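Undergrad: Could you have a look at this structure, given as structure tokens, before my questions?
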Amino acid sequence: MAKKSSGKQRRPKEVVAQKAMSLDASLDQSRAYFANGDYAAALGVARSRYELNDRTTEATNPELVQIGAWSAYRVGNFAEADKFLVDLGNTRGLGEDDALLKGLLHYEFREFGECIRTAEPLLMPLSETARNENNGMTTKAQLDLISCLAMSYYNLGELESAVNVLEEAISARDDHDEFYVNLATVKGRLGDEEGRRKVISDGLVRCGNKRELDILARDLVGNETISLCMIVKNEEALLGQCLTSARGLVNEIIVVDTGSTDGTVAIAEQFGARVYHHPWQNDFSLHRNQSLEYATGDWILILDADEELRQEDIAKLKQATRVPDMNVLSLSVHNKHVASGEITSFLPSVRMWRRKLNVRYEGIVHNELRLPVDEPILRVDAGIIHYGYGLDWELMKKKIARSKALLHKQLEENPNNYFANFNLAQILRGEHKMPPPEVCREIIEHAGRAVRNSSSEAPGQRHIHLMALDQIVSAYFHLGEYKRAEETAKQALEIDPNYLDPMFQLGHVYAASRDFARAIKAYEKYIAAADDYNPGNEITSFILIHSHDQAAAYFSLGLIHEEMKMDEKAELYFKRVLEYKSNHLDVYAHLAVLRFRQGDYDGAESYAERQLSSDRSDITAHVLLAKIKQRAGQAVSSRKHCLEILAIDANHIQALETLISLEREAGNAREALVRIDQLLAVDPTNFATLNQKAEVLIGQGQFDRATEIYSHLLAAFPNDAELWNNAGNCYFRMSDYQEAIRHYSNALAIDAQLVPALRNIGLSYFKLGDNANAAVKLSNYIDYAAEDFDVTYLVARLWFDLSNYSDALRYVEKCLLVHPRSPELVGFLADCYLKLGHIDSAKVGYERALMMNPDFAPAQHMLDEIEKLGGKVTKVGVKVQ
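Sequential numbering from 6 applies to the sequence shown in my numbering.
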């Protein structure tokens, strides 16, 4: 009990500061302190507003007084808590929460009868009170008061009542350690040692907080010894790591060596192992059982050389061996890929048991421990890391071949052995990342036998039955038989709706069959289940491949929405991938693609660079960066990424296309042709590239070679007007105007408004001296390209030379719109007027030309000629210059 203070104490500075706060602010602060478990600070705030010894402050909020009472109780200041309660009762009376605290204080003041009288009306029925999981102030206190009620009966000698209270509480709330500790105490006083032992054992199994129970268990069983039993052969690479991990747990190391020729035995002996030599007899169980025969410890621990214990779990394992009535422990085995460091699968596995059970293994390959059917198994949230994947491939192939040979031998003796069939299917499944069709069919055959010869109802067979169904799902998926894969996955999920592997595979099945709506639902269901999954609670011996594969599920959701052109959702899903796994596959590359599609080139560049930082060989990231750098005018950097792509894939089309574009932009025609030919060697029918080659050849003046390419293209695309025009250009440049006209005519037959062809055919007629056709075609061209001054002037000249002075006049006027102060054009206009017989207009024109340029001789000459004739000029009477 806390001592009563003597006299008035000086308040600390922080308390004085509190008095300056408003009542509401004080209340808010005390609530926050209490909610965070800082009871001393909460009590300080309450004291500052409500002094018990000197009540000179203003009226205080009852809630603040209540917080003060509970805070004082929590810090063990029971007298002060009682004073708060007394005053609270005088102010507004005690509520149910206050009465609860009163009952706790009665117990602390050893007023056991008052505690019982206060507690019983508050707590009954116990089953409901103990099950209360509200997050309010008094939830924990209700559990505490249950213990106080029971121990009040205990202290008054009413032991059976104490037992009844605690057993009823445990039946409702079986994970509260204090109930078990108190019940063990009562059982001990009753002399019920067997009952006490069972209570301690049950508590250790069910409770998260085991500290006090573990202390009680040590008194019962002491510190029992552990024998590590192993079979090895040529395991010098990993054995030391394994033995180091077990050093802090085991008391004895037993090693059966089956013929090592490397340093395995010497390493084992360095760790103090007792090594026994037995020649290999093609039977894993035989040799495993030999190791058990040599063990002398209370407990057996089984490890393989390519496994290690997680050091943070050693204390958990020691604690688990002290659970009095549990003889078998199941641990979590996590398969880890050596190269990537990723956990690829998980399974619960019985690896520890009391030696007194005298159990043995069966099966020549994947040996099974034969436990008594009714023997309970304690699931321990402790892990073994298995490094059997991603090792040297030649070594892996030897192990696989050895296991397959032994399994085939076993199946020759008993073709319907469900366990051997399952194991063979599992080896076949793991042997190939993408199993070929013949392997898939073999998996279906053996997994099917495992399903037909096992029962989903039998405890020892259920997990094999389910995993074999999942093997079949995978095989059908790889065969592309999605309907059968779906049916088999649903069959497994009917047996166990929470089985994560077929749940995950169902998403893949729907996605592959492009049933995106159902794929999305399947992945979302898997993610929710995986988020809730705790491997430490798994009691079924599943080999789970997708226990926590949320990153892959979110990645698949991203791919689906990317395929559906729902870029915003796709990006959200890809970002969720990163919450689970920072370097999952090519997630940054996909984010880069999405940013690029949105025109966010900076964002795309950032994601692409991050992808390359984890995988320099990612071609998508290189392609994007090549494009981004090209857009930014960084040709050197763009070319560098293209060359890195070609170092990975010498025939990568996009890289070659970008290099062609870069070389053409730089004017490197020769290099461009080299890359073009390289691309055409990969894809000879790439007509866009053939067209580019023709364009480059034209740039080099190799028109004859270009026409050969255009002939090839036109045979494939006879209705492409632009191709006909481009080919015509080659003939024009080679002065073959007749052939040029033929190609331009074909172009215009396809597209009468193809402007370049209109111009080019007119110029071809002009080159041939066919001014009439030239004038007509070029006039048509000017209708679409009025801004082309040179051709407009040529058309004017052509019509003038053809004595079509009206049309000539019209085109000269068009020219004057461009150059209104050109004396030459004004003079030309006057010529047209003169030829049309408009003498006065002609004279005005010549005079205006001279005003623009007094030295413009042709205009002066024409005026002189008109003057000589006395102004009497016919339409053709004066020869214009």
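Glycine residues also receive a C-beta, built at the ideal position from the N, C-alpha and C atoms. A quick note: this is a predicted structure, and the numbers were derived from the prediction, not measured.
1) Between the C-alpha atoms of Gly141 and Val210, what's the straight-line distance to the nearest angstrom?
2) For the segment 256-299, list the alpha helix (DSSP H) runs that are entirely contained and at least 4 residues long, ordered along the chain.
3) Using DSSP bridges, identify the partner residues of Phe351.
4) Please confirm whether Val181 and Leu148 have their CB atoms less than 8 angstroms apart.
5) Could you say which of Ser619, Ile389, Lys361, Leu376 lies nearest to Glu317 if we only look at CA atoms?
6) Identify every residue that forms a DSSP beta bridge with Leu374.
7) Under a Cβ-count criterion, where at least 16 other Cβ atoms within 10 Å of its own Cβ denotes burial, should Glu576 be classed as buried or exposed?
8) For Leu334, which beta-bridge partners are listed by DSSP?
9) I need the boundaries of the beta strand (DSSP E) containing Cys234, first residue and last residue.
10) Does the distance from the CB of Arg764 to the CB of Tyr786 come in under 8 angstroms?
11) On the three-state DSSP scale, how would you describe Arg792?
12) What span of residues does the alpha helix (DSSP H) with Leu244 cover, start to end?
13) Have a look at Ile714 and Tyr770 and give me their C-alpha separation to the nearest angstrom.
14) Looking only at its chain, what residues have a beta carbon closer than 8 angstroms to the beta carbon of Asn776, apart from the 5 residues adjacent to it on each side?
15) Excluding the five sequence neighbours on either side, which residues of its own chain have a C-beta within less than 6 angstroms of the C-beta of Ala835, listed in chain order?
16) Find the nearest neighbour of Val338 within the set Val364, Asp330, Asp311, Pro329, judged by alpha-carbon distance.
17) Which residue wins for smallest C-alpha separation from Glu610, given the options Thr301, Val50, Tyr593?
18) Just list the alpha helix (DSSP H) runs in the segment 600-667, keeping only unbroken ones of 4 residues or longer that don't cross its boundaries, in chain order.
19) Using the beta-carbon count (16 or more within 10 Å), is Thr326 buried or exposed?
20) Three Cβ pairs or more, each shorter than 8 angstroms: is that satisfied between the segment 508-527 and the segment 539-558?
21) To the nearest whole angstrom, what separates the beta carbons of Ala677 and Ile665, a pair I think is in contact under 8 angstroms?
22) Can we say the segment 144-161 touches the segment 182-192, given the rule of at least three CB pairs closer than 8 angstroms?
23) By Cβ distance below 7 angstroms, which residues in the same chain neighbour Gln683 in space, the five residues on each side in sequence not counted?
24) Quick one: any contact between the segment 331-351 and the segment 535-550, if contact means 3 or more CB pairs under 8 angstroms?
25) So is Lys341 buried or exposed if we call it buried at 16+ other beta carbons inside 10 Å?
26) Is the CB-CB distance between Asp709 and Met739 below 8 angstroms?
27) Are the segment 297-314 and the segment 251-264 in contact at 8 angstroms, needing three or more beta carbon pairs?
28) Go ahead and pull the three-state DSSP assignment for Tyr851.
29) Where does Glu313 fall in DSSP's three states?
30) Whose C-alpha, out of Tyr798, Arg467, Ala387, Ala480, is nearest the C-alpha of Met439?
31) Can you list, in chain order, the residues of its chain whose CB lies under 8 angstroms from that of Glu380, leaving out five sequence neighbours each side?
32) Do the segment 163-179 and the segment 279-297 meet, that is, are 3 or more Cβ pairs less than 8 angstroms apart?
33) What does a CB cutoff of less than 6 angstroms around Ala273 pick up in its chain, not counting 5 residues either side in sequence?
34) Starting from the C-beta of Glu68, find all residues in its chain whose C-beta is less than 7 angstroms away, skip the five residues before and the five after it, and write them out in chain order.
35) Can you check the segment 715-766 for any alpha helix (DSSP H) of at least 4 residues that lies completely inside it and give the ranges in chain order?
36) What three-state label does DSSP hand Ile307 in the structure shown?
TA: Walking through what the data contain:
1) Indexing the sequence shown from 1 puts residue 141 at position 136. Indexing the sequence shown from 1 puts residue 210 at position 205. Any reading at Gly141 is ruled out, since the residue's pLDDT is 43, under 50, leaving its predicted position unreliable.
2) 269-275, 289-299
3) Here the question's residue 351 lines up with position 346 in the sequence shown. Answer by DSSP bridge pairing, in chain order: His339, Leu549.
4) The residue labelled residue 181 in the question sits at position 176 within the sequence shown. The residue labelled residue 148 in the question sits at position 143 within the sequence shown. A quick correction: the sequence has His, not Val, at residue 181. Yes; because the gap between Cβ atoms is below 8 angstroms, this pair is in contact.
5) Start at 1 with the first residue of the sequence shown, and residue 317 comes out as number 312. Among Ser619, Ile389, Lys361, Leu376, the Cα nearest to that of Glu317 is on Ile389.
6) The residue you call residue 374 lines up with position 369 of the sequence shown. Partner(s): Tyr366.
7) Locating residue 576 in the sequence shown gives position 571, counting from the first residue. Classification of Glu576: buried, given that the 10 Å Cβ count is 16 or more.
8) As a first step, residue 334 must be located in the sequence shown, where it is residue number 329. Its beta-bridge partners are Met357, Leu383.
9) Within the sequence shown, residue 234 is the residue found at index 229, counting from 1. Where Cys234 is concerned, the enclosing beta strand (DSSP E) stretches over 231-237.
10) Position 759 of the sequence shown, counted from the start, is the residue given in the question as residue 764. Position 781 of the sequence shown, counted from the start, is the residue given in the question as residue 786. Cβ atoms of Arg764 and Tyr786: closer than 8 angstroms.
11) For this step, residue 792 is matched to residue 787 along the sequence shown. Per the sequence presented here, residue 792 reads as Glu, with Arg not at that position. Looking at Glu792 - three-state DSSP - the assignment turns out to be coil, as it is neither helix nor strand.
12) Working through the sequence shown from its first residue, we reach residue 244 at position 239. Run containing Leu244: 244-251, per the alpha helix (DSSP H) assignment.
13) What you label residue 714 is simply residue 709 of the sequence shown in a count that begins at 1. What you label residue 770 is simply residue 765 of the sequence shown in a count that begins at 1. Between Ile714 and Tyr770, the C-alpha separation is close to 25 angstroms.
14) Taking the first residue of the sequence shown as position 1, residue 776 is located at position 771. These residues qualify, in order along the chain: Tyr770, Leu803, Asp806, Leu807.
15) Counting from one through the sequence shown, the residue named residue 835 turns up at place 830. So the list reads Ala847, Gly850, Tyr851, once near-sequence residues are dropped.
16) Stepping through the sequence shown from its first residue, residue 338 is reached at position 333. Nearest of Val364, Asp330, Asp311, Pro329 to Val338, Cα basis: Asp311.
17) As a position in the sequence shown, residue 610 is number 605, starting the count at 1. Out of Thr301, Val50, Tyr593, Tyr593 has the C-alpha closest to the C-alpha of Glu610.
18) 606-619, 624-636, 640-653
19) As a working note, residue 326 is residue 321 in the sequence shown. Burial call: buried.
20) yes
21) Stepping through the sequence shown from its first residue, residue 677 is reached at position 672. Stepping through the sequence shown from its first residue, residue 665 is reached at position 660. About 5 angstroms separates the two Cβ atoms, so the contact holds.
22) yes
23) Taking the first residue of the sequence shown as position 1, residue 683 is located at position 678. Closer than 7 angstroms at Cβ, skipping near neighbours: Leu661.
24) yes
25) The sequence position of residue 341 within the sequence shown is 336, counting from 1. Buried, since its Cβ has 16 or more Cβ neighbours within 10 Å.
26) Counted from its first residue, the sequence shown places residue 709 at position 704. Counted from its first residue, the sequence shown places residue 739 at position 734. Taking 8 angstroms as the Cβ cut-off, Asp709 and Met739 qualify as a contacting pair.
27) yes
28) Start at 1 with the first residue of the sequence shown, and residue 851 comes out as number 846. Residue state, collapsed to three classes: helix.
29) Here residue 313 corresponds to residue number 308 of the sequence shown, with the count starting at 1. Correct three-state label for Glu313: strand.
30) Mapped onto the sequence shown, residue 439 falls at position 434. The shortest Cα separation from Met439 among Tyr798, Arg467, Ala387, Ala480 belongs to Ala480.
31) Here residue 380 corresponds to residue number 375 of the sequence shown, with the count starting at 1. Excluding sequence neighbours, Glu380 sits near Asn332, Val333, Leu362.
32) no
33) Residue 273 sits at position 268 when you count from the first residue of the sequence shown. The answer, listed in chain order, is Val260, Val280.
34) For the purposes of this step, residue 68 is taken as residue 63 along the sequence shown, with counting starting at 1. So the list reads Leu32, once near-sequence residues are dropped.
35) 726-738, 742-755
36) On the sequence shown, residue 307 is found 302 positions in, with the first residue counted as 1. Of the three classes helix, strand and coil, the one that applies to Ile307 here is strand, per DSSP.
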